[in-house]
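Below is one structure, written out as structure tokens; the observations come after it.
Numbering (this note's numbering), first residue to last: 7 to 498.
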């Protein structure tokens with residue numbers, strides 16, 4: 007019988023619990039181990055400030071790689087998350103920066119009409135960006151390597167001119183070692199910068215997702231009328247990803263022009279007016295193209311995001327109303343609507359890809375065009391090119407090419423897209439927070455005293471806006487008007 011079988015199963019469970027009493031449950035494999043095993047028992051594989059050489063050579067990952075050679079890695083083998091990388095810590099820091107940004111926006115209002123709080127500014131204030139020091143160190147190493155290269159060429163030219171006699175080999179070896187050192191400083195500094203920049207972008211992405219999750223949980227049902235699940239998913243998946251790339255490349259918006267100015271000063275001592283002609287072409291032709299690309303990227307990103315929101319919203323409606331759609335044979339009509347929205351989205355993506363191709367063309371053409379103009383002007387002014395001037399100039403031009411027409415362009419593109427994504431997230435957070443306060447949109451208004459006729463004590467009072475309605479009543483009601491509002495009073 008069902009009741010008897012149920013009692014037997016319950017008795018078996020009780021006996022099993024009695025046998026397992028006092029035993030420590032075995033942690034589950036996979037993701038369950040992260041929940042059942044305390045984080046303090048898992049080793050910390052790396053600490054960015056524990057060892058300088060370990061950070062430079064990424065030695066902290068070696069034990070994990072060696073362990074993976076002996077067995078399949080499980081969740082219990084993964085390192086414990088550092089406190090500064092935990093979602094709780096990142097959420098608190100971003101929340102404090104967001105509240106400070108809202109107070110700043112309210113303080114800057116004039117006559118009640120001020121600019122809204124900027125989410126991207128809160129992101130910048132929530133995390134330190136000390137890793138930019140490695141970017142400066144990398145740029146200094148690259149420029150120093152170009153200068154040392156010129157000294158090495160001079161050394162070989164002097165040795166060749168003397169016929170190999172009276173050559174200071176110690177000086178040549180010292181220059182060679184200095185060349186190796188400057189190249190290592192430039193390469194290692196750039197790799198360390200990108201590593202910590204990726205980590206900072208990960209932190210901003212996690213903090214943004216936790217803040218969105220926190221606000222969504224506190225939203226009321228009436229506040230969800232103007233948004234959809236698809237739009238929220240798009241914000242938490244696509245928009246927050248823009249912060250990762252923007253964190254890596256936005257420092258080049260300042261570092262790139264400063265580095266180009268330093269290179270211009272060095273090239274002036276090498277090519278004189280030829281350097282001015284080349285950099286005039288760079289600043290007058292290539293940089294305006296980058297700013298034009300940035301504006302186009304921002305516009306295309308905004309339009310593509312709007313089409314994506316519309317497509318996701320439409321697909322959510324199709325999935326939720328699939329039965330009704332099939333009942334009325336609306337499959338082809340909805341398929342055409344989805345295809346139309348998707349075509350608009352793909353059109354914007356194609357435009358973005360075209361701009362990306364143009365940007366790559368500018369990147370490849372920059373060193374050849376600038377170098378040609380500099381050398382032609384230098385020779386036209388009555389000077390003579392030497393091997394030292396050619397190699398030093400081309401090396402410096404390649405440095406400017408990488409940081410200005412490549413990373414600077416990425417900085418313009420990703421920063422513009424991050425600003426657009428931050429504006430979308432900020433607008434969503436502002437709407438979510440505006441309705442969460444009593445008396446605001448979607449909130450409950452304060453109670454008002456009733457006026458007019460009444461029969462006995464008032465039990466319930468409802469405030470109505472402009473409306474027309476009819477209903478059947480079983481009790482005693484009266485309607486009172488005060489100003490532009492009407493009150494329905496039920497006396498029990």
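Even for Gly, the Cβ is constructed at its ideal location relative to N, Cα and C.
Other residues of its chain near residue i: CB distance less than 8 angstroms, five sequence neighbours each side excluded
i           : result
residue 219 : 242
residue 99  : 132, 133 and 213
residue 344 : 317, 320, 321 and 324
residue 397 : 155, 156 and 159
residue 287 : 375, 376 and 379
residue 123 : 104, 107, 108, 110, 111, 432 and 436
residue 59  : 65
residue 314 : 240, 244 and 351
residue 337 : 331
Spatial neighbours of residue i in its chain, beta-carbon cut-off 6 angstroms, leaving aside the 5 residues before and after
i           : result
residue 269 : 402 and 406
residue 304 : 422 and 426
residue 335 : none
residue 145 : 265
residue 289 : none
residue 225 : 438
residue 417 : 255, 256, 258 and 259
residue 370 : none
residue 221 : 435 and 438
residue 125 : 428, 431 and 432
For residue i, the three-state DSSP class (helix, strand or coil)
i           : result
residue 78  : coil
residue 263 : helix
residue 373 : helix
residue 502 : The structure shown does not extend to residue 502, since the chain is modelled only from 7 through 498, so no value can be given for it.
residue 420 : helix
residue 500 : No answer is possible for residue 500: it lies beyond the span of the chain, which begins at 7 and ends at 498.
residue 471 : Here the model assigns residue 471 a pLDDT of 48, short of 50, so the residue's position is not dependable and the matter cannot be decided.
residue 253 : helix
residue 168 : coil
residue 411 : helix
residue 226 : coil
residue 428 : helix
residue 290 : helix
residue 28  : With a pLDDT of 42 at residue 28, under the threshold of 50, the modelled position of that residue is not reliable, and the figure given next carries that caveat. Reduced to three states, the DSSP call for residue 28 is coil.
residue 145 : helix
residue 388 : coil
residue 35  : Bear in mind that a pLDDT of 31 at residue 35, under 50, signals an unreliable position, so the number given afterwards is only what the model happens to contain. Three-state DSSP puts residue 35 in coil, outside helix and strand.
For residue i, the first and last residue of its enclosing alpha helix (DSSP H)
i           : result
residue 220 : 175 to 223
residue 336 : That residue, residue 336, is in no alpha helix (DSSP H); it is neither H nor E in DSSP.
residue 313 : 293 to 326
residue 280 : 279 to 287
residue 240 : 235 to 240
residue 401 : 393 to 406
Residues near residue i in its chain [Cβ-Cβ closer than 7 angstroms; skip 5 each side]
i           : result
residue 365 : 299 and 415
residue 292 : 368, 372 and 411
residue 173 : 165
residue 188 : 147, 150, 151 and 154
residue 283 : 379, 380 and 383
residue 181 : 154, 157, 158 and 161
residue 419 : 299, 300 and 303
residue 277 : 380, 384, 395 and 399
residue 430 : 241, 245 and 311
residue 121 : 111 and 114
Residue i: CB within 7 angstroms of a non-hydrogen atom of the ligand FMN
i           : result
residue 315 : In terms of ligand content, the structure shown is empty, and the ligand FMN therefore cannot be addressed.
Closer than 8 angstroms is the cut-off here; do at least three beta carbon pairs connect the stretch 271 to 288 with the stretch 315 to 329?
No: the two stretches stay apart, fewer than three of their Cβ pairs being nearer than 8 angstroms.
Inter-stretch contact at 8 angstroms, needing at least 3 Cβ pairs: the stretch 133 to 148 / the stretch 160 to 174:
With a cut-off of 8 angstroms, the stretch 160 to 174 and the stretch 133 to 148 do not count as touching, because too few Cβ pairs lie within range.
Segments of 4+ residues assigned as alpha helix (DSSP H) that fall wholly inside the stretch 56 to 137
Runs of the alpha helix (DSSP H) inside the stretch 56 to 137: 58 to 62, 68 to 76, 93 to 113 and 125 to 132.
Hey, is the stretch 381 to 398 in contact with the stretch 287 to 302, meaning 3+ C-beta pairs nearer than 8 angstroms?
Counting Cβ pairs under 8 angstroms, fewer than three are found: no touch.
Do three or more CB pairs link the stretch 253 to 261 to the stretch 203 to 210 at distances below 8 angstroms?
Remark: three or more beta-carbon pairs, one from each stretch, lie closer than 8 angstroms, so the stretch 253 to 261 and the stretch 203 to 210 are flagged as touching.
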